[in-house]
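Participant: Let me give you the structure first, and then I'll get to my questions.
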Amino acid sequence: MKARAKRHNRSAEAEVRAILEEVALPEKRLHMGDVLAALGREVGLTNEDVAVLEQARDRIPAEPMRFE
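At position 64 of the sequence shown the residue is numbered 59 (the working numbering), and the sequence of numbers has no breaks.
If you want it as structure tokens, here you go:
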């Protein structure tokens, strides 16, 4: 770890933080909003379709889970 940190001109602690950030937030990660928008375009979803779905959906809050 120390050798790798030295190659990158940072402390071992900074190297660990950089590794964790790289793993947690990869450059090629999928962004959910982008994926959903692309899916909507692909299937031809219109604003009218979304309005119908919004009217039909259940607005009653979900019952919380109980772990008893």
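From the three backbone atoms N, C-alpha and C, an ideal C-beta is built for every residue, glycine too. The model shown is predicted, which means the values in this text are computed figures rather than measured ones.
Which of the three DSSP states is assigned to I14 in this structure?
Facilitator: helix
Participant: Using beta-carbon positions only, say whether M(-4) and E16 come within less than 8 Å of one another.
Facilitator: no
Participant: Where does N42 sit, in a helix, a strand or coil, going by DSSP?
Facilitator: helix
Participant: Between S6 and A0, which are expected to be in contact by the criterion C-beta below 8 Å, what is the C-beta distance as a whole number of angstroms?
Facilitator: 6 Å
Participant: Could you spell out where the alpha helix (DSSP H) holding R2 opens and where it closes?
Facilitator: K(-3) to R2
Participant: Under a three-way DSSP split, which group does M27 fall into?
Facilitator: helix
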